[in-house]
Amino acid sequence: MRYFGQFIPGAEPIVREILLERLGPVPPLYLSGGAVEFETPLPYSDLNLFCFHNLFQTLYVSSAEPSPAGLEKFLRALPAAPADWTAVQSHAAKCRSFRLVASCKNQLTAVSPAARSGVEKKLRQESGLKIDRSLPDSEFWALVRGDGQAYFLKRLSRHRAYDKLLHPGELHPQLAHMMCWLARPKHTDLVLDPFCGYGAIPQELARRFPFARLCAFDLDPAALKITREKLPRRENILVEKRDALRLAKVLPQGSVHAVVTDPPWGLYQDAGMELGAFYREVLAQLDRILAPDGRIVLLTAAKRELEAALEGRPGLTLSARYDILVSGKKCGLFLIARERPASNLTTM
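This is the structure:
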């Protein structure tokens, strides 16, 4: 089966490695600008890929001018196209309705009734479903990307209105998953998030990754209350009000194997001091408690401040930096290691 996944732009190298690890040494059919197409015999229920905010089955691939006019032309040609109309017929027993979504260059796009109606009629005939443009049970997408790739897709993942579900500054679970994956925690590891906030990272760690002990710290009592509600009550999970700038007083030297965290950027939260000084103190604390083979995965929009702070910590080495977009903001996802890596710095 051919799949099409959407993810955070800039995370292409991470997604490539996740796919290789999960599906084997088969290169993606397409990988660019926050999207990937890949093929595997595994059904959707067995994929266990948690890095995508949208995942689809590919029904048809073509090319089109990356404009609303090109999207309309693609739509008008779809009813007669050699798409996988058999896959359209397959849906859950409780599925009764569908809607058609049109997108051009990652933006939902209004199309004319004439371009829409032909595809909707064909879908209705092939699927036996009725049209419901407000609260459908399923979705089909016609999508044209900026490079001219055009896709007809059947949505497999559920739609979640994260803008309504998440608190200000809270990470989407897909980004939290990629950060945890980069840290590579093992079942013998003590894993720490010293700026846990509303618990997106600890929640993903507890759901899908191994560890011996998980510590989630923050100074905001209201956020910690929500984090405690999200996490399972287990003896090896500790949620406490602790100051990330005083970690060395709480955790023994060299005791933490993996740090996964999203510290204040100076946007949603005030760091309480000049950002450069803040990151210098954060790294000083992490340097003291990090194990000899420890890893730090850190997300921030203050890329220059963090890299400047790293220059003053010879015990920590920047292994990789991924320049990504988070809610439209340019950010850096940093992988920092205790030991100097054998290869040169990787900048994505």
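Going by my numbering, the sequence shown opens with residue 18, and the numbers climb by one from there. The beta-carbon is built from N, C-alpha and C at its ideal position, and this holds for glycine as well.
Legend entry - beta strand (DSSP E) segments (min. 3 residues) lying fully within the stretch 137-162: Runs of the beta strand (DSSP E) inside the stretch 137-162: 155-161.
Inset, instruction - From the DSSP output, in three-state form, read off GLU56 for me. - result: Judged by DSSP in its simplified three-state form, GLU56 adopts strand.
Inset, instruction - Count the other C-beta atoms from every protein chain shown that fall within 10 angstroms of the C-beta of MET290, then say buried if there are 16 or more, exposed otherwise. - result: Exposed, since its Cβ has fewer than 16 Cβ neighbours within 10 Å.
Legend entry - Enclosing alpha helix (DSSP H) for LEU222 [first to last residue]: It spans 217-225 - the alpha helix (DSSP H) in which LEU222 sits, taken as one unbroken run.
Inset, instruction - Give the DSSP-derived three-state secondary structure of GLN74 in the structure shown. - result: Per DSSP, reduced to three states, the secondary structure at GLN74 is strand.
Inset, instruction - State the DSSP-derived secondary structure class of PRO309, mapped to helix, strand or coil. - result: PRO309: strand per DSSP, three-state reduction.
Inset, instruction - Could you spell out where the alpha helix (DSSP H) holding CYS197 opens and where it closes? - result: Annotation: the continuous alpha helix (DSSP H) that includes CYS197 extends over 190-200.
Legend entry - Length of the line joining the Cα atoms of PRO358 and LEU333: For PRO358, the predicted structure reports a pLDDT of 49, less than 50, and the residue's modelled location is therefore unreliable. A value from the coordinates is still provided. Looking at the backbone, the Cα of PRO358 and that of LEU333 are separated by about 10 Å.
Legend entry - Cut-off 6 Å between Cβ atoms - residues of its own chain near GLU72, not counting five sequence neighbours on either side: The sequence given here has Leu at residue 72, not Glu. Within the same chain, GLY22, LEU173 and SER174 come within 6 Å of LEU72 by CB-CB distance, once the 5 residues on both sides are set aside.
Inset, instruction - Can you tell me which of the three DSSP states VAL105 falls into? - result: DSSP places VAL105 in the helix class (H, G or I) of the three-state scheme.
Legend entry - Alpha-carbon to alpha-carbon, GLN191 and ARG330: The alpha-carbon atoms of ARG330 and GLN191 are separated by roughly 30 Å.
Inset, instruction - With hydrogens ignored, establish whether the beta-carbon of PRO185 is closer than 7 Å to any heavy atom of the ligand HEM. - result: Judged by which ligands are present, the structure shown has none, so any question about the ligand HEM falls away.
Legend entry - Alpha-carbon to alpha-carbon, ILE25 and ALA98: Cα-Cα distance, rounded: 30 Å.
Legend entry - According to DSSP, residues forming a beta bridge with TYR13: Given that the chain is displayed from residue 18 to residue 365, the structure contains no residue 13 and the question cannot be resolved.
Inset, instruction - Quick one: using the 10 Å Cβ neighbour count with 16 as the cut-off for buried, is SER144 buried or exposed? - result: In summary, SER144 is buried, with 16 or more beta-carbon neighbours lying within 10 Å of its beta-carbon over all protein chains present.
Legend entry - DSSP three-state assignment for GLY349, whether helix, strand or coil: Note: GLY349 maps to strand in three-state DSSP.
Legend entry - Residues that ALA294 bridges to, as DSSP identifies them: DSSP lists no partner for ALA294.
Inset, instruction - My understanding is that GLU54 touches TYR47, with C-beta atoms under 8 Å, so please give their C-beta distance in whole angstroms. - result: Contact between GLU54 and TYR47 holds: their C-beta atoms lie close to 4 Å from each other, under 8 Å.
Legend entry - Inter-residue Cα distance where the pair is PRO202 and SER272: A straight line joining the alpha-carbon of PRO202 with that of SER272 spans about 14 Å.
Legend entry - Cα-Cα separation between GLU324 and ALA132, rounded to whole angstroms: Whole-angstrom Cα-Cα distance: 50 Å.
Legend entry - Cβ neighbour criterion (16 or more within 10 Å) applied to ARG116: The Cβ neighbour count for ARG116, taken over all protein chains shown within 10 Å, is at least 16; the residue is labelled buried.
Inset, instruction - Return yes when the Cβ of GLU89 is within less than 8 Å of the Cβ of VAL118, no when it is not. - result: No, these two residues do not count as a Cβ contact at 8 Å.
Inset, instruction - Can you say whether ASP63 is buried or exposed, counting buried as having 16 or more other CB atoms within 10 angstroms of its CB? - result: Counting the other CB atoms within 10 Å of its CB gives ASP63 a total below 16, which places it among the exposed residues.
Legend entry - Touch test, the stretch 315-324 against the stretch 340-354, Cβ-Cβ under 8 Å, three pairs minimum: Using a Cβ-Cβ distance cut-off of 8 Å, the stretch 315-324 and the stretch 340-354 are in contact, since at least three pairs of beta carbons, one from each stretch, lie closer than that value.
Inset, instruction - Measure how close the beta-carbons of LEU183 and LEU170 come, nearest whole angstrom, since I'm counting them as under 8 Å. - result: The pair is not a contact, with the Cβ atoms about 25 Å apart (cut-off 8 Å).
Legend entry - DSSP-derived helix/strand/coil call for GLU34: Three-state result, GLU34: helix.
Legend entry - Residues that ARG19 bridges to, as DSSP identifies them: Its beta-bridge partners are GLU56.
Legend entry - Burial state of PRO45, where buried means 16 or more other Cβ atoms lie within 10 Å: With 16 or more other Cβ atoms inside 10 Å of its own Cβ, PRO45 counts as buried.
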